[in-house]
Amino acid sequence: GAVVSQHPSWVICKSGTSVKIECRSLDFQATTMFWYRQFPKQSLMLMATSNEGSKATYEQGVEKDKFLINHASLTLSTLTVTSAHPEDSSFYICSARTLGGTYEQYFGPGTRLTVT
Amino acid sequence: KQEVTQIPAALSVPEGENLVLNCSFTDSAIYNLQWFRQDPGKGLTSLLLIQSSQREQTSGRLNASLDKSSGRSTLYIAASQPGDSATYLCAGVITQGGSEKLVFGKGTKLTVNP
Chain A
1 GAVVSQHPSW VICKSGTSVK IECRSLDFQA TTMFWYRQFP KQSLMLMATS
51 NEGSKATYEQ GVEKDKFLIN HASLTLSTLT VTSAHPEDSS FYICSARTLG
101 GTYEQYFGPG TRLTVT
Chain B
1001 KQEVTQIPAA LSVPEGENLV LNCSFTDSAI YNLQWFRQDP GKGLTSLLLI
1051 QSSQREQTSG RLNASLDKSS GRSTLYIAAS QPGDSATYLC AGVITQGGSE
1101 KLVFGKGTKL TVNP
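So the protein lines, in turn, are chains A and B.
Residues in the first sequence are numbered from 1 upward in steps of one, following our numbering.
Residues in the second sequence are numbered from 1001 upward in steps of one, following our numbering.
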């Protein structure tokens, strides 16, 4: 149980275009989903926390107009990177927390974004 | 600022050896500690979660301890196998702005040689 999927697993896009990444909890309902970014040989950095049906809370230094997060249902959250630039190239990982459960987050397999 | 430090950054051992990975944190607000495994280009697999009321957790060949007073946690791997090769991340749980968050270390890259 507690499986989280991400789609796509990797994507290449041109500079200036937008890319949407989906995060789904497959066998549980997640009131809260988290989006992280990981650069090579660096730790995961929390970008934002999204609660179902409400606006996401962004960490300091993360542009909310550039990284659009939508958490429209208890099983789906999306991250849209708008007007992507090469410096946005990174590994994006989402996680989900179970409804009414303990703290523990369950992580997706990640999405590798390359902006050319 | 919360910081989580993992030492060493990389470790190479022969198969069968017992080993210890270290994690330290500076913020006393960290109350739970979680260990993860990450394979290259993949997401995270949760290994062990130690809650503030616990001092250690065990799962198979893995044992993790937590000492909040010293700000340290260790992950002990017994009888290591080549399949244990991966990057191991520790993350502290804090409450910030009314929500719980994970603060990650940079990880220890483990290589177990056959």
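Each residue gets a CB set at the ideal place from its N, CA and C atoms; glycine is no exception.
Please list, in chain order, all residues of the same chain as residue i whose beta carbon is under 7 Å from its beta carbon, the five residues on each side excluded.
i	result
A:V115	C13, S15, A84, H85, P86, D88 and S89
A:T49	T32, F34, A56 and T57
B:N1063	E1056 and Y1076
A:Y106	A2, V4, S95 and A96
B:A1086	R1037, Q1038, D1039 and L1110
Mind checking residue i: buried by the 16 CB within 10 Å criterion, or exposed?
i	result
A:T17	exposed
A:F39	exposed
A:G61	exposed
A:G53	exposed
A:W10	exposed
Looking only at its chain, what residues have a beta carbon closer than 8 Å to the beta carbon of residue i, apart from the 5 residues adjacent to it on each side?
i	result
B:E1015	S1080, Q1081, P1082, V1112, N1113 and P1114
B:S1059	L1047 and L1048
List the whole-angstrom C-beta distance separating residue i from residue j, where the pair is believed to meet the contact cut-off of C-beta under 8 Å.
i	j	result
A:V81	A:K64	Not a contact, Cβ separation roughly 12 Å.
B:G1107	A:S73	About 32 Å; that fails the 8 Å criterion.
A:G108	B:G1097	Not a contact, Cβ separation roughly 23 Å.
B:F1025	B:L1089	Contact doesn't hold; Cβ gap of about 13 Å is too wide.
B:G1092	B:L1033	6 Å
Taking the continuous beta strand (DSSP E) assigned at residue i, which residues delimit it?
i	result
A:A56	Taken as a continuous stretch (DSSP letters only), A:A56 belongs to no beta strand (DSSP E), as it is neither H nor E.
B:P1014	A1010 to P1014
A:V115	T111 to V115
B:I1030	Element bounds for B:I1030: n/a, residue is neither H nor E.
A:V11	W10 to C13
A:F91	S90 to T98
A:V19	V19 to S25
Answer with yes or no whether the minimum CB distance from residue i to chain B is below 7 Å.
i	result
A:L113	no
A:L46	yes
A:I69	no
A:T98	no
Between residue i and the rest of its own chain, which residues show a CB-CB distance below 6 Å, the 5 nearest in sequence each way excluded?
i	result
B:A1078	N1018 and R1061
B:V1020	T1074 and Y1076
Under 7 Å between C-beta atoms, does residue i make it to chain A?
i	result
B:G1043	yes
B:K1106	yes
B:K1068	no
B:S1053	no
B:L1033	no
B:S1099	yes
B:L1110	no
B:L1062	no
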